[in-house]
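Working notes, structure below.
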Amino acid sequence: MAGAFLLLGAAAFGSPALGDLSPAQPVIPARSFNLGDFGAVADGGTSNTDAFKRAVAAVDAAGGGTLVVPAGIYCTGPFDLCSGINLRLEAGATLLFSPRWADYRGDGPKGYRPLIGIRNAHDVMISGSGTINGHGEAWWPEALRFRAEANATNAPSNTSPRPVMLAFSGCRRIRLEGIALTHAPVFDVTQTNCQDVTVEGITIYNPAGSPNTDGIDPKACQRVLIAHCAIDTGDDAVALGGGGAVAEEDILITDCTFGRGHGCSIGSGTACGVRNVLVRRCTFDGTDAGMRLKSARGKGGLVENVVYEDLTMKNVGTAISLSSSYENSAIHHPLDDAALDEDKPHEVTATTPRWRNITIRNVTATACRDRAGLIAGLREMPLENITLENVALEAPVGLRLANAKGVTLRGVRITAAKGPDVIADASVRGLSRGE
Numbered sequence: 006m007a008g009a010f011l012l013l014g015a016a017a018f019g020s021p022a023l024g025d026l027s028p029a030q031p032v033i034p035a036r037s038f039n040l041g042d043f044g045a046v047a048d049g050g051t052s053n054t055d056a057f058k059r060a061v062a063a064v065d066a067a068g069g070g071t072l073v074v075p076a077g078i079y080c081t082g083p084f085d086l087c088s089g090i091n092l093r094l095e096a097g098a099t100l101l102f103s104p105r106w107a108d109y110r111g112d113g114p115k116g117y118r119p120l121i122g123i124r125n126a127h128d129v130m131i132s133g134s135g136t137i138n139g140h141g142e143a144w145w146p147e148a149l150r151f152r153a154e155a156n157a158t159n160a161p162s163n164t165s166p167r168p169v170m171l172a173f174s175g176c177r178r179i180r181l182e183g184i185a186l187t188h189a190p191v192f193d194v195t196q197t198n199c200q201d202v203t204v205e206g207i208t209i210y211n212p213a214g215s216p217n218t219d220g221i222d223p224k225a226c227q228r229v230l231i232a233h234c235a236i237d238t239g240d241d242a243v244a245l246g247g248g249g250a251v252a253e254e255d256i257l258i259t260d261c262t263f264g265r266g267h268g269c270s271i272g273s274g275t276a277c278g279v280r281n282v283l284v285r286r287c288t289f290d291g292t293d294a295g296m297r298l299k300s301a302r303g304k305g306g307l308v309e310n311v312v313y314e315d316l317t318m319k320n321v322g323t324a325i326s327l328s329s330s331y332e333n334s335a336i337h338h339p340l341d342d343a344a345l346d347e348d349k350p351h352e353v354t355a356t357t358p359r360w361r362n363i364t365i366r367n368v369t370a371t372a373c374r375d376r377a378g379l380i381a382g383l384r385e386m387p388l389e390n391i392t393l394e395n396v397a398l399e400a401p402v403g404l405r406l407a408n409a410k411g412v413t414l415r416g417v418r419i420t421a422a423k424g425p426d427v428i429a430d431a432s433v434r435g436l437s438r439g440e
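First residue of the sequence shown? That's 6 in our numbering, and the numbers climb one at a time after it.
So, in structure tokens, the structure goes:
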């Protein structure tokens with residue numbers, strides 16, 4: 006308990022503990038297997054699904070080891086990994102997944118299993134300098150049609166069923182290293198209810214307009230390190246928050262580069278709770294939002310002790326977006342000040358979004374396209390203890406504040422082409438400004 010208390014305190018005051026976060030690493034037995042020995046043909050046309058399954062079964066039967074995928078293009082359908090495996094893609098190796106929807110049928114008439122699944126396992130790696138291509142172009146046209154129809158009918162979800170590229174569930178000690186991921190049907194990497202997760206030095210690229218192609222989505226995970234990654238995608242680059250029985254905590258995102266997409270996010274689902282997060286030394290170029298924290302009534306929980314620091318942004322839409330009204334966040338709809346002013350308080354429930362102890366410091370954003378930022382809670386649940394320190398933003402419109410208490414702006418310099426630098430209404434209590 007004492008260790009947990011120290012980590013919590015450190016997260017709120019500069020995160021020396023989180024800054025040194027080092028998740029436990031997988032231990033892989035020192036034996037090697039070559040995919041070619043299991044009948045694989047790297048000709049870009051032959052199906053290698055059975056070869057992958059035979060190879061993984063052999064690794065499992067031996068008690069673990071490294072499965073080497075040599076250079077070449079390996080067409081394949083979906084397969085699962087086992088405990089104690091390192092799937093290593095050598096330089097020039099590409100896993101090209103089947104475009105046939107029927108190959109991924111899972112539970113239910115619209116369910117799809119992941120391209121590579123890892124469930125209830127331990128000590129798992131995917132490494133090397135090769136590429137995993139999910140053939141997402143076979144899925145995106147229907148996804149866009151589904152989205153348009155769902156939006157037109159106000160459906161509860163506008164995300165069509167599709168297979169996740171890499172899905173880890175209930176795993177311990179997992180590591181992704183060096184590989185490139187591209188053309189995901191939907192999310193690239195999901196980790197659900199996992200502990201000790203490391204993602205280091207990977208590249209994720211999905212074309213502009215590819216729907217819901219999140220980069221890395223840890224859900225209900227503990228001890229997560231995401232470092233030195235480059236992500237350019239069609240949705241959130243990293244998205245924390247979601248369902249689960251336990252809170253997400255102790256998460257370090259450091260030295261990453263984010264291109265197009267929706268930024269480094271928490272939410273929209275935060276019901277399980279998120280605590281002790283440090284995002285540092287990252288760059289954003291052309292991103293729709295830099296820091297994007299969002300939730301909504303019915304989807305919320307407690308998010309606390311979050312630090313964003315030492316960040317550089319250029320040509321982003323909105324530098325800072327922290328909103329408890331997902332429908333009025335920086336991405337899906339224009340930021341509507343009237344909607345904030347006219348919103349009526351609701352009853353507080355277990356799923357009311359709560360945000361407290363959020364620190365943003367040493368951040369520079371030039372040439373923002375939309376506005377400097379939005380920081381807005383709900384009338385029934387204001388944001389608490391929000392600190393901006395040494396922040397310089399350039400944007401057409403300034404920073405909008407609403408439904409918050411205990412907001413500190415210290416050394417904040419906002420250059421707004423139109424209107425005041427900070428727009429705060431009477432719902433903001435305890436606003437402090439200074440150098």
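Glycine included, C-beta positions come from ideal geometry on N, C-alpha and C.
All values reported here derive from a predicted model rather than from experimental measurement.
Given that a residue counts as buried once 16 or more other Cβ atoms are within 10 Å of its Cβ, and exposed if not, what is residue i?
| i | result |
| --- | --- |
| Arg177 | buried |
| Thr354 | exposed |
| Asn223 | Note that residue 223 is Pro in the sequence shown, not Asn. Burial call: buried. |
| Asn156 | exposed |
| Lys304 | buried |
| Pro350 | exposed |
| Glu253 | buried |
| Ala370 | buried |
| Asp430 | exposed |
| Ser329 | buried |
| Thr203 | buried |
| Val32 | exposed |
| Gly162 | Looking at the sequence shown, residue 162 is not Gly but Ser. Per the 10 Å Cβ criterion, exposed. |
| Pro425 | exposed |
| Val433 | buried |
| Arg124 | exposed |
| Val396 | buried |
| Glu309 | buried |
| Val229 | buried |
Go ahead and pull the three-state DSSP assignment for residue i.
| i | result |
| --- | --- |
| Asp293 | coil |
| Gly424 | strand |
| Gly70 | strand |
| Leu436 | strand |
| Gly403 | strand |
| Phe151 | helix |
| Glu314 | strand |
| Trp144 | coil |
| Ala107 | helix |
| Leu171 | strand |
| Ala189 | coil |
| Leu26 | coil |
| Asn156 | helix |
Have a look at residue i and residue j and give me their C-alpha separation to the nearest angstrom.
| i | j | result |
| --- | --- | --- |
| Leu307 | Arg359 | 5 Å |
| Pro146 | Thr164 | 12 Å |
| Arg418 | Cys234 | 29 Å |
| Arg405 | Glu95 | 49 Å |
| Ile137 | Ser27 | 26 Å |
| Ile209 | Arg59 | 28 Å |
| Val311 | His188 | 31 Å |
| Ile179 | His127 | 7 Å |
| Met170 | Arg438 | 46 Å |
| Pro166 | Gly82 | 17 Å |
| Thr317 | Leu100 | 34 Å |
| Arg150 | Val191 | 14 Å |
| Gly278 | Gly247 | 8 Å |
| Arg361 | Ile391 | 7 Å |
| Leu92 | Ile121 | 11 Å |
| Gly97 | Glu154 | 40 Å |
| Ala372 | Tyr109 | 43 Å |
| His259 | Asp315 | The residue you asked about is not His; residue 259 is Thr in the sequence shown. The alpha-carbon atoms of Thr259 and Asp315 are separated by roughly 10 Å. |
| Asp25 | Ile78 | 38 Å |
| Leu181 | Thr195 | 12 Å |
| Leu186 | Glu352 | 43 Å |
| Ile363 | Ser270 | 13 Å |
| Pro119 | Thr413 | 44 Å |
| Thr197 | Leu245 | 11 Å |
| Val64 | Ile90 | 7 Å |
| Ser52 | Pro104 | 12 Å |
| Glu389 | Gly382 | 9 Å |
| Glu211 | Lys423 | Looking at the sequence provided, one finds Asn at residue 211 rather than Glu. For Asn211 and Lys423, the distance between alpha carbons rounds to 35 Å. |
| Asp375 | Gln200 | 38 Å |
| Glu440 | Leu393 | 11 Å |
| Ala294 | Leu327 | 10 Å |
Looking at the C-beta of residue i, does it have a partner C-beta in chain D at a distance below 8 Å?
| i | result |
| --- | --- |
| Gln196 | Absent from the structure is chain D; it holds one protein chain and no more. |
Which runs of the beta strand (DSSP E) spanning at least 3 residues fall entirely within the region 30-67, listed in chain order?
37-39 and 48-52
Are three or more beta carbon pairs between the region 57-74 and the region 82-91 nearer than 8 Å?
Yes: at least three Cβ pairs fall under 8 Å.
Contact between the region 31-43 and the region 283-298: three or more CB pairs below 8 Å?
Taking a contact to require three or more Cβ pairs closer than 8 Å, the region 31-43 and the region 283-298 do not qualify as touching.
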